[in-house]
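Under my numbering, the first residue of the sequence shown carries the number 95, and numbering increases by one thereafter.
Backbone N, C-alpha and C fix where the C-beta goes; we use that ideal spot for every residue, glycine too.
For clarity, every value in this text was computed on a predicted model and none was experimentally measured.
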Amino acid sequence: MAKEKIEIEISDALKRLLVPQDVVVSRYKTQDAFRDALQRGFFLVKFPKMFGGSELGVSLVKSTPKDKLEFEWLGDQVKVIGKLEFQNVPTKFKGSFNLSNLEGTGLFNSTTTQPPPAKKY
């Protein structure tokens, strides 16, 4: 039996995050501290022009072998693909950061058209 795909409604906030935005690495003040966070599999990113600069956590931990989560050092830049859940919608974060100031550009990609599982209370 084939799974039926159900479109979920995406909020205006998530729609804005589906296009490239300015991003800043949060809480890590040096390249080494940021590298350590990436190697541990989790870091915080801030969207300074949205949400009053709220921090969002990005995971690099693969839950399945099909997950394409990674980071790659390219000279004075690092490119990152990680996952997070935003407003109960599974997404991927894709970003590129300049290592001299830990600023860059990032965006979300929705990873599903399925609704999130119902929460049990």
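- Exposed is the label assigned to Lys-109, since fewer than 16 other Cβ atoms lie within 10 Å of its Cβ.
- Here the C-alpha atom of Tyr-122 lies approximately 19 Å from the C-alpha atom of Leu-178.
- Distances from the alpha-carbon of Lys-173 to those of Asn-182, Val-155, Gly-198 and Gln-181 put Gly-198 closest.
- Residue environment analysis places Leu-111 among the buried positions, since at least 16 neighbouring C-beta atoms fall within 10 angstroms of its C-beta.
- Looking at the backbone, the Cα of Glu-166 and that of Val-139 are separated by about 17 Å.
- In this structure, the straight-line span from the alpha carbon of Val-118 to that of Leu-196 is close to 6 Å.
- Annotation: Ser-194 to Asp-106 spans about 32 Å, alpha carbon to alpha carbon.
- Annotation for Phe-128: no beta strand (DSSP E) segment contains it, though the alpha helix (DSSP H) segment containing it runs 125-134.
- With 16 or more neighbouring CB atoms inside 10 Å of its own CB, Thr-185 falls in the buried class.
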